[in-house]
Amino acid sequence: MTDHSEVDTVTGKSTTGHEWDGIKELNTPLPRWWVICFYLTIIWSIGYWIVYPAWPLIQSNTTGVFGYSSRADVAVELANLEKIRGDKMVALGAASLADIEKDPALLALARAKGRTVFGDNCAPCHGSGGAGAKGFPNLNDDDWLWGGTLDQIMQTIQYGARSGHAKTHEGQMLAFGKDGVLKGDEIVTVANYVRSLSGLSTRNGYDAAKGEKIFAENCVACHGDGGKGNPELGAPNLTDKIWLYGSDEASLIETISQGRAGVMPAWEGRLDLATIKAMAVYVHSLGGGK
Amino acid sequence: MNKTVNPKDLISEDNNGPLYAARKKVYPQSVNGTFRRIKWGLMAFCLGVYYFLPFVRWNRGLGAPSQAVLIDLPNSRFYFFFIELWPQEVYYFTGLLIVAAVALFLMNSIGGRIWCGYLCPQTVWTDLFYAVERLVEGDRRERMKKDKSSDPMKLERISEIVLKHSIWLLIAWWTGGAWVLYFNDAPTLVKELVTFQGPVIAYVWIGILTATTYLLAGYMREQVCTYMCPWPRIQAALTDEWALNVTYRYDRGEKRTSVKKAAELRALGQQVGDCVDCYQCVAVCPTGIDIRNGPQMECIQCGLCIDACDNVMAKIGRPKRLIGYDNDINIHRRQEGKAPIYRIVRPRTVVYSAIIAAVGGFMIYTLATRSLLDVNVLHDRNPVAVKLSDGSIRNAYTVRLLNKSGYDRVIAIDAHGPANATIHVIGIDSVTPDRPMIVIPRDSTSELRLLVTAPAENNPEKSIPVRFHVTDIGLGEVASATDNFVSP
Chain A
2 MTDHSEVDTV TGKSTTGHEW DGIKELNTPL PRWWVICFYL TIIWSIGYWI VYPAWPLIQS
62 NTTGVFGYSS RADVAVELAN LEKIRGDKMV ALGAASLADI EKDPALLALA RAKGRTVFGD
122 NCAPCHGSGG AGAKGFPNLN DDDWLWGGTL DQIMQTIQYG ARSGHAKTHE GQMLAFGKDG
182 VLKGDEIVTV ANYVRSLSGL STRNGYDAAK GEKIFAENCV ACHGDGGKGN PELGAPNLTD
242 KIWLYGSDEA SLIETISQGR AGVMPAWEGR LDLATIKAMA VYVHSLGGGK
Chain B
6 MNKTVNPKDL ISEDNNGPLY AARKKVYPQS VNGTFRRIKW GLMAFCLGVY YFLPFVRWNR
66 GLGAPSQAVL IDLPNSRFYF FFIELWPQEV YYFTGLLIVA AVALFLMNSI GGRIWCGYLC
126 PQTVWTDLFY AVERLVEGDR RERMKKDKSS DPMKLERISE IVLKHSIWLL IAWWTGGAWV
186 LYFNDAPTLV KELVTFQGPV IAYVWIGILT ATTYLLAGYM REQVCTYMCP WPRIQAALTD
246 EWALNVTYRY DRGEKRTSVK KAAELRALGQ QVGDCVDCYQ CVAVCPTGID IRNGPQMECI
306 QCGLCIDACD NVMAKIGRPK RLIGYDNDIN IHRRQEGKAP IYRIVRPRTV VYSAIIAAVG
366 GFMIYTLATR SLLDVNVLHD RNPVAVKLSD GSIRNAYTVR LLNKSGYDRV IAIDAHGPAN
426 ATIHVIGIDS VTPDRPMIVI PRDSTSELRL LVTAPAENNP EKSIPVRFHV TDIGLGEVAS
486 ATDNFVSP
């Protein structure tokens with residue numbers, strides 16, 4: 002209990018009644034308006050508990066009579082955003098791929114959209130800037146397994162390669178060694194022959210004529226005469242400077258012996274057509290497109 | 006040691022008062038004279054500029070805003086007559102602030118608180134509100150009488166009060182209204198505002214500035230200057246002994262006595278002051294101080310006491326400027342019988358003027374010669390370089406072209422550095438393979454993806470500097486940026 006009966010002589014105010022080593026404290030209560038505001042906030046908080054989510058329960062929480070949730074707010078915001086984007090994406094879906102690249106506004110939209118979707122879906126394999134890695138093509142260069150025109154890029158994105166989709170690109174590098182088609186020394190010889198096609202050095206004492214013969218018998222069907230490749234089959238050009246799995250002898254022996262069949266998933270069904278278009282334009286605009 | 010001590014004895018007489026002093030309401034009396042006329046003139050000028058400037062038009066051609074002074078926030082542009090600034094040129098405001106600050110210093114070193122007394126919005130609006138108060142409720146004595154009166158209010162008095170606050174609120178509302186007009190096309194916004202179709206934010210700002218004007222000029226008045234404003238403290242540190250301040254010249258004022266007595270004493274050949282203790286200087290003071298107590302923090306140096314005193318001196322046939330712009334040096338010199346000296350030109354003022362001239366001159370020079378064409382280049386980071394199937398190297402850049410002019414431009418881009426390089430801009434079919442051309446619309450920027458391709462054998466270095474030149478092929482204006490051309 003506090004005793005307010007003692008009055009300080011200097012100030013004329015009552016004291017709190019406490020005393021610490023002879024020091025007493027003046028009774029200076031909080032201003033009334035402050036106290037009233039404080040009580041009002043408490044009353045307000047009760048109302049808040051009732052109408053808004055407030056108390057944690059074991060599994061969930063009280064939802065409040067307004068049924069408000071910030072997650073629902075986000076959903077509404079996202080829906081609005083989709084609506085705004087939707088109109089723009091309709092224009093993108095309606096335009097032809099070539100027209101998109103000609104129209105600066107559509108090109109900017111397609112590149113912005115494409116960049117985002119690329120980051121979400123393609124970057125894990127191709128890298129965030131499409132720089133690629135061993136087995137995953139660099140999308141910035143001008144070497145295309147399945148063709149580098151806008152339509153071909155779009156087709157590859159839409160249906161994938163060896164993806165299992167009905168319209169997917171088929172064709173693969175056979176495992177000539179594993180399947181017993183070629184013997185070890187033949188593989189080494191043809192690997193050196195392939196290196197020579199793009200002007201790379203060859204092993205001492207390698208038989209060029211034998212290499213050419215093996216190449217003609219086994220490889221020309223897909224890679225074509227002179228090893229220029231065939232985008233219909235996804236057979237790479239062996240005469241250029243770009244090597245998806247490496248150009249050193251060991252890598253080539255591995256490729257010829259074990260085969261190669263990288264998979265590109267089909268994006269039809271996962272992404273809508275306008276988005277795939279945007280991505281095709283984006284990939285094409287990375288610079289390597291034909 | 007057992008003596009009882011009365012706590013009251015422990016507190017000295019000087020500091021037992023409360024730290025809080027209640028405001029004494031000020032009732033400034035009307036006054037006529039030179040400084041009053043200067044103040045009316047400056048008030049009319051400043052408020053005229055503030056209230057009407059948004060309506061001044063300036064032709065910038067079709068599609069551009071026609072408002073002379075416009076802060077266009079949605080489009081990130083600032084228009085000031087013939088000047089158009091982009092966000093990246095905001096450093097001009099730094100220059101402007103430096104000039105403004107040093108101009109304040111200069112004013113201060115020449116004539117004391119000229120800013121406070123004549124130009125500060127707080128002073129100008131308070132002065133205006135006092136004028137309204139005088140017009141509606143009468144001069145100093147009447148107002149004091151009305152405020153003191155304990156009689157129940159009559160209709161006349163109530164209508165006076167209502168009228169005064171209505172006019173105050175009208176001025177305050179117009180003040181807030183003018184503010185928002187600087188951020189939008191004024192005639193359009195006025196039309197929207199009166200038909201209640203204006204943006205909510207405009208109403209909010211009008212509300213805020215109406216409230217601040219009404220409170221600051223109607224109620225807080227001199228307390229803003231005395232307690233809230235930092236400038237009086239700063240300017241006290243900037244002033245020097247040569248600065249002219251509104252000063253009571255006690256060298257000729259003391260001893261104070263009545264007109265009659267002074268005449269008698271003078272007839273006897275005795276020393277007597279010109280001050281007749283009429284308290285006119287106190288009556289007209291908008292901060293309620295007595296200038297005869299010497300320079301004080303509360304004094305905003307508005308010069309009204311000079312007018313009041315001059316009027317009295319004229320009536321009693323004594324020389325004017327018993328209160329005037331002066332300083333202690335000259336008071337002491339006069340006391341010693343020497344002629345006063347005034348030094349406007351001294352190192353301090355010369356240095357301030359030089360800074361203003363230098364910064365101002367630099368700003369004008371850079372504004373006059375600034376390029377309306379600019380280019381920024383950002384190198385692709387992933388991948389940094391690309392090897393093409395024929396072995397040549399390609400680097401990709403994001404290029405932003407800025408056309409700050411009021412006309413569309415045709416721009417040609419060249420890259421200098423890598424040997425035998427070709428340039429390609431995505432989306433542009435260029436007729437000249439090493440010099441693509443792009444149209445940039447007026448007052449806008451274009452972001453382009455630019456590819457530079459060069460044979461590897463001609464560019465053996467790991468990294469070569471590359472310089473991009475963008476040329477307005479119509480006008481020959483050139484801007485450039487540098488980056489690097491990197492080999493894989």
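Chain order of the listed sequences is A and B.
Sequential numbering from 2 applies to the first sequence in our numbering.
Sequential numbering from 6 applies to the second sequence in our numbering.
For each residue, glycine too, the CB sits at the ideal point set by N, CA and C.
In this text, all values refer to a predicted model and were calculated from it rather than measured experimentally.
- Of all residues in the stretch 276-289 of chain A, the ones placed with a Cβ closer than 8 angstroms to any Cβ belonging to chain B are Ser-286, Leu-287, Gly-288, Gly-289, in chain order.
- Per DSSP, Arg-33 (chain A) lies in no beta strand (DSSP E) segment; the continuous alpha helix (DSSP H) that holds it begins and ends at 33-52.
- Think of a sphere of 9 angstroms around the beta carbon of Arg-405 (chain B): no beta carbon from chain A falls inside it, the nearest being about 12 angstroms out.
- Against chain B, the beta carbon of Asp-22 (chain A) has no neighbour under 8 angstroms; the closest one sits roughly 17 angstroms away.
- The way I'd put it, the stretch 284-302 of chain B does touch the stretch 223-241 of chain B; three or more beta-carbon pairs between them come closer than 8 angstroms.
- When C-beta distances to chain A are compared with 8 angstroms, every residue of the stretch 239-252 of chain B stays at or above that value.
- A direct Cα-to-Cα measurement between Ser-164 (chain A) and His-170 (chain A) gives close to 8 angstroms.
- By the 16-neighbour rule on beta-carbons within 10 angstroms, Gln-127 (chain B) is buried.
- Comparing C-alpha distances from Thr-63 (chain A) to each of A:Ile-51, A:Gly-178, A:Gln-159 shows the shortest one belongs to A:Ile-51.
- Taking 8 angstroms as the Cβ-Cβ cut-off, the stretch 192-203 of chain B has no residue approaching chain A.
- In the structure shown, Thr-200 (chain B) falls within a coil segment according to DSSP collapsed to helix, strand and coil.
- Annotated three-state conformation of His-166 (chain A) is coil, per DSSP.
- Residue ranges of uninterrupted beta strand (DSSP E) with 3 or more members, entirely inside the stretch 63-148 of chain B and ordered along the chain, are 74-77, 82-85, 88-90.
- Rounded to the nearest whole angstrom, the C-alpha separation of Ile-328 (chain B) and Lys-320 (chain B) is 15 angstroms.
- In the assembly as shown, Ala-359 (chain B) is an exposed residue. Its beta-carbon has fewer than 16 other beta-carbons within 10 Å.
- Close CB contacts of Arg-62 (chain B) within its chain, under the 6 angstroms cut and outside five residues either way in sequence, are with Ser-71 (chain order).
- Boundaries of the beta strand (DSSP E) around Ala-417 (chain B): 414-421.
- In this structure Val-107 (chain B) is buried. Its beta-carbon is surrounded by 16 or more other beta-carbon atoms within 10 angstroms.
- Ser-197 (chain A) is outside the set of residues whose beta carbon lies under 8 angstroms from a beta carbon in chain B.
- In this structure, Lys-168 (chain A) keeps its C-beta atom at 8 angstroms or more from the C-beta atom of Ser-199 (chain A).
- Below the 7 angstroms Cβ cutoff, chain B contributes Lys-392, Ser-394 as neighbours of Ile-243 (chain A), in chain order.
- In chain A, no part has a C-beta under 8 angstroms from the C-beta of Asn-298 (chain B); the shortest such distance is about 32 angstroms.
- At a cut-off of 8 angstroms between beta carbons, Ser-129 (chain A) contacts chain B.
- Distance from the CA atom of Leu-31 (chain A) to the CA atom of Pro-79 (chain B), rounded to whole angstroms, is 47 angstroms.
- Looking only at B:Asp-333, B:Leu-270, B:Arg-353, the smallest Cα-Cα distance to Asp-256 (chain B) is reached by B:Asp-333.
- Taking C-beta atoms as the reference points, Asp-142 (chain A) and Lys-392 (chain B) count as a pair closer than 8 angstroms.
- Beta bridge pairing from DSSP links Arg-261 (chain A) with A:Met-174.
- When rounded, the separation of the alpha-carbon atoms in Ile-445 (chain B) and Leu-407 (chain B) is 8 angstroms.
- With fewer than 16 other Cβ atoms from the protein chains shown falling within 10 Å of its own Cβ, Gly-481 (chain B) counts as exposed.
- In this structure, Arg-440 (chain B) sits near Ala-417 (chain B), with a CB-CB distance shorter than 8 angstroms.
- Distance between Ala-191 (chain B) and Glu-197 (chain B), taken at the CA atoms: about 10 angstroms.
- The Cβ of Ile-43 (chain B) sits no closer than 8 angstroms to any Cβ of chain A.
- For the stretch 99-110 of chain A, the residues whose beta carbon sits under 8 angstroms from a beta carbon of chain B are, in order, Glu-102, Lys-103, Pro-105, Leu-108, Ala-109.
- The alpha carbon of Asp-315 (chain B) has as its nearest neighbour, out of B:Val-281, B:Tyr-357, B:Leu-109, the alpha carbon of B:Val-281.
- Among the residues facing chain A, Gly-181 (chain B) is not included, as its CB has no counterpart in that chain under 8 angstroms away.
- Taking 8 angstroms as the CB threshold, Asp-143 (chain A) lines the interface with chain B.
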